[in-house]
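Student:
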Amino acid sequence: MRHNASEFVSFVSRHFRLVQTMCRERVRFTRDDEIVSFLQRFDFDDRGALRVILRMRELGVLRDRVGHWSPPTFLIEFLDQLAEQHSLASPKVIRGWVESSRDLVNRLLRCVEQKEGSALLTMAATILDVIEEIADVLHNVVQTVEGNCERISQEVNEYRALEDKQQMRDRLLRLVRLQDEYLTPVIRILDVNEELHATTDEISRCCIRLELRLAGLSGEVVDGAARLQREVVWLRQITIGRAEEARRELAPLVEAAVRESKIASGVHKALEHVRQQNWKWLNLTSDMSINDDKDSMLFSNVGIEGFLKVATESADPTPPQLPSHPPRTIENPTTVSDLRQELAGERHVEDLLQWIIEREPDLGLGPAMSLFHALVSSSDEATASNERSSYVRENLSVQAQRWRWDNPSKTSKRKTISARRVAK
Amino acid sequence: MTHSEQAKAHYPPHMARAFRDLRTGRHLCVDDGETYQDIRRHEDQYVAILGAMGYRLTHHPQNFYYITGGNQLNSKGVKAITLFLLILFQHLEDNKFDSDDRSWHRDLANRPFKIAELPHFATSATRMLMRNLDITDENLRDKVLRLMSRLGILELLPGDMFVFRASVYRFVDLCVAYAERPSETTSNEPSEADSENSEGTWEDLANDSDLDDDEADQ
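Protein chains in written order, with my numbering: chain W, 1 to 424; chain H, 1001 to 1218.
Below is the structure:
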């Protein structure tokens, strides 16, 4: 059914409050009595309500969706934007106020920079006008910011009071848009590093100079300048404080909404890939690496000691190793007979023990003493003297009686030869 | 003091316990008491010591620690946990306007969940996704929840309930990353066929769990 655009707009214009409320509340009527009940809020009687309902359906102000009647989407969006434009001043408006206040400050500066005090006095009326204009602009800035923040707070409260999920979603999107398009730019304009702050600083300086230069000359201008300077301070406190307050109300909702929207988008994408068995897209090996080093791979002291004990006892003993150097020849030890045999060739030995020690350099003092004792015990040839000597071998030293050895065969043989000579 | 005693005196006092927990995949947060506090107080030392052993210690902005760099949990386990959380997050998002906060992710680690009221088997679509990983409502607790408890992602409570620990936000970050990833991007991971051998079995996962029923039900 073709709708008459002119009649459509006329109807909306005539019943603006009704249509605006239906769009703002995102109404969905499932039965006619719901629509009648809604219209009664706008003082329609039953007959009038039925007539309006019929007309709304004819013109397309209410459209038949699946299972309910509701305003068309284009009308909802149009009225939303209209409401924003007329209830919220855009940041451009505030920036415009700031620029006009800058122009006024420049005019004031030109006045203040008059070198002659008398010239300054003649411009008192102009200066007062400029001061008044600056004050008006500052007030406009304050009211605009306050108005915006008030509207945002109202939107937040309305959102919190909603019960319908679809309305909540729509209103949440609107709040996100409000923060991005209105609140954040306004806070930026009010920032200490931005233009408004610089402009108000300049106003303040001008006012101080005016007060100093015209003190005692023009009470009216001085009072005006002092009042303007106070308003500048108030302006900053009020606007910045109000804007921050609105941000504190709105930011948590918006941040949560934006983040959850992102999370939901990621979840949706991931589940789509999981449904298609495309786990590769999720890249879990890199993006969700979870350590899993098994604890049982560690040795405990008790365990390892037990193992080593068993391993050691079970091992075959190693065979003895042959020395790398061949063994040297074992020499027969010196006996008493050897000594006696050697002494048989000696006629006389003055110090028998010393003779043994010198003859056996490899023999220790103890073994040498043993041989000596064995020799003197079994030989008549050995006789003790009255002298004592000290015998040293390595780190041992012995004091002993000196024994002599006299070989009787050698001695008697000489005697025999001598006896023969005598006999001849 | 001997040389070894002097050396030991300079190590963080709870290092042995922290090391044992971290290398088995546990994510440590403030609920882990002195072990977590020890890492927080001696973070630089832990980073250096673990780094020398080939591990990388990560301090997440939600204030929990975990390491990477050693042997990884088998892919079946990671998939199970990820799928479990994806389905849960979707359910929470769809129903967030039922709560007063109208938000779910900020208090994710504070609210208790009833196992019987989980959405994973409420629809045929979600049942099928879970069944593809051999997870049913009968074995969900053993195969998924106990594993997540061991890893410090959630804590099982009496009365068939659980509560998430801070480490669940690691998976929230993963979802945010997925939102920013183009749908058609392919990863460097091996294909499904290649990864079958490395998936591990549910028996492996069951043996991994060191929770007794008694301990879990306390």
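We put the CB at the ideal spot given by N, CA and C, even for glycine.
Treat the numbers as computed from the prediction; the structure is a model and nothing was measured.
What residues from chain H crowd round W:N291, counting only those whose CB sits closer than 8 Å?
Tutor: L1022, R1023, T1024, G1025, Y1055, Y1066, I1067, T1068, G1069, G1070, N1071, Q1072, L1073, listed in chain order.
Student: Does H:E1192 come within less than 8 Å of chain W when only Cβ atoms are used?
Tutor: Bear in mind that a pLDDT of 46 at H:E1192, under 50, signals an unreliable position, so the model cannot answer this.
Student: So which residues on chain W does H:R1183 lean against when the C-beta distance must stay under 9 Å?
Tutor: Checking the sequence, you will find Ser at residue 1183 of chain H rather than Arg. Chain W residues near H:S1183: K269, E272, H273, W281.
Student: Kindly say whether H:T1123, judged by its beta-carbon, lies nearer than 8 Å to any beta-carbon of chain W.
Tutor: False, the Cβ-Cβ gap to chain W never drops below 8 Å.
Student: Given a limit of 9 Å on CB to CB distance, which residues of the stretch 1097-1115 of chain H reach chain W?
Tutor: Taking 9 Å as the Cβ-Cβ cut-off against chain W, the residues of the stretch 1097-1115 of chain H that qualify are F1097, D1098, D1100, D1101, R1102, S1103, W1104, H1105, R1106.
Student: To the nearest whole angstrom, what separates the beta carbons of W:T21 and W:V93, a pair I think is in contact under 8 Å?
Tutor: Contact doesn't hold; Cβ gap of about 27 Å is too wide.
Student: Between which residues of its own chain and W:I131 is the CB-CB distance below 6 Å, once the five residues before and five after are set aside?
Tutor: The answer, listed in chain order, is G224, L228.
Student: Quick check: the Cα distance between W:G219 and W:L183, rounded to an integer number of angstroms?
Tutor: Each residue's Cα considered, the two are about 41 Å apart.
Student: In the stretch 1147-1165 of chain H, which residues sit with their C-beta less than 8 Å from some C-beta in chain W, listed in chain order?
Tutor: Result list: L1151.
Student: Looking at the strands, I want to know which residues DSSP matches up with W:D64.
Tutor: The partner list for W:D64 (beta bridge, DSSP) reads W:W69.
Student: Near W:I189, which residues of its chain fall below 8 Å by C-beta distance, leaving aside the five closest residues on each side in sequence?
Tutor: Around W:I189: P91, I94, R95, V98, E195, L196.
Student: By a C-beta neighbour count over all protein chains shown, 10 Å radius and 16 as the cutoff for buried, is W:L82 buried or exposed?
Tutor: Under this definition W:L82 is an exposed residue.
Student: Under the three-state reduction of DSSP, which class applies to W:H139: helix, strand or coil?
Tutor: Helix.
Student: Among H:G1054, H:A1125, H:F1171, H:Q1037, which residue has its Cα nearest to the Cα of H:P1013?
Tutor: The candidate whose alpha carbon is nearest that of H:P1013 is H:Q1037.
Student: Are the beta-carbon atoms of H:I1087 and H:H1120 separated by less than 8 Å?
Tutor: Going by C-beta atoms, H:I1087 is nearer than 8 Å to H:H1120.
Student: Let me know if W:P71 comes out buried or exposed under the rule of 16 or more other beta-carbons within 10 Å of its beta-carbon.
Tutor: Buried is the call here.
Student: In chain H, what lies closer than 8 Å to W:R259 by C-beta?
Tutor: Result: H1105, V1176.
Student: When burial is assigned at 16 or more other CB atoms within 10 Å of the CB, is H:T1024 buried or exposed?
Tutor: H:T1024 should be labelled buried.
Student: Considering only DSSP beta bridges, list what H:T1058 is partnered with.
Tutor: According to DSSP, H:T1058 bridges with H:Y1066.
Student: If you run the structure through DSSP and keep just helix, strand and coil, what is W:E387?
Tutor: Three-state DSSP puts W:E387 in a strand.
Student: Drop a sphere of 10 angstroms on the beta-carbon of H:F1171, count the other beta-carbons inside from all chains shown, and report buried for 16 or more, exposed for fewer.
Tutor: Label assigned to H:F1171: buried.
Student: What's the gap between the Cα of H:T1035 and the Cα of H:G1152?
Tutor: The straight-line gap from Cα to Cα measures roughly 13 Å.
Student: Just list the residues that DSSP pairs W:A225 with in beta bridges.
Tutor: DSSP lists no partner for W:A225.
Student: Mind checking W:V186: buried by the 16 CB within 10 Å criterion, or exposed?
Tutor: Burial call: buried.
Student: Could you tell me whether any Cβ in chain H is nearer than 8 Å to the Cβ of W:S153?
Tutor: Not an interface residue.
Student: Leaving out five residues on either side along the sequence, give the residues of the same chain with a beta carbon under 6 Å from the beta carbon of H:Y1046.
Tutor: Cβ neighbours of H:Y1046 beyond the five flanking positions: I1039, L1057.
Student: Would you mind telling me which residues of chain H sit closer than 9 Å to W:D170, beta carbon to beta carbon, in chain order?
Tutor: Ordered by position in chain H, no residue passes the 9 Å Cβ test against W:D170, which lies about 11 Å from the chain.
Student: Taking Cβ positions, are W:V52 and W:I127 nearer each other than 8 Å?
Tutor: No.
Student: With distance defined between alpha-carbon atoms, name the residue in W:D129, W:S390, W:L39, W:F44 nearest to W:Q401.
Tutor: Of the listed residues, the one whose Cα sits closest to W:Q401 is W:S390.
Student: Run through chain W and tell me which residues come within less than 8 Å of H:E1093, C-beta to C-beta.
Tutor: Per Cβ cutoff of 8 Å: E260, I263, A264, V267.
Student: Ordered along the chain, which non-local residues of its own chain (more than five positions away) have a Cβ less than 8 Å from that of W:H75?
Tutor: Sequence check: residue 75 of chain W is Leu here, not His. Around W:L75: V12, V19, C23, V61.
Student: What's the gap between the Cα of H:R1111 and the Cα of W:R160?
Tutor: Each residue's Cα considered, the two are about 21 Å apart.
Student: Where do the N-terminal and C-terminal ends of the beta strand (DSSP E) with W:S13 fall, by residue?
Tutor: Per DSSP, W:S13 belongs to no beta strand (DSSP E); it is in the alpha helix (DSSP H), 5-14.
Student: Can you look up H:E1196 in the DSSP assignment and give me helix, strand or coil?
Tutor: Only weak support exists for where H:E1196 lies, its pLDDT of 42 falling under 50; the value from the coordinates is given anyway. Helix at H:E1196.
Student: Which of the residues in the stretch 228-257 of chain W, read from start to end, lie with their CB under 8 Å from any CB of chain H?
Tutor: Cβ contacts with chain H come from L253, A256, A257.
Student: Under a three-way DSSP split, which group does W:R41 fall into?
Tutor: Of the three classes helix, strand and coil, the one that applies to W:R41 here is helix, per DSSP.
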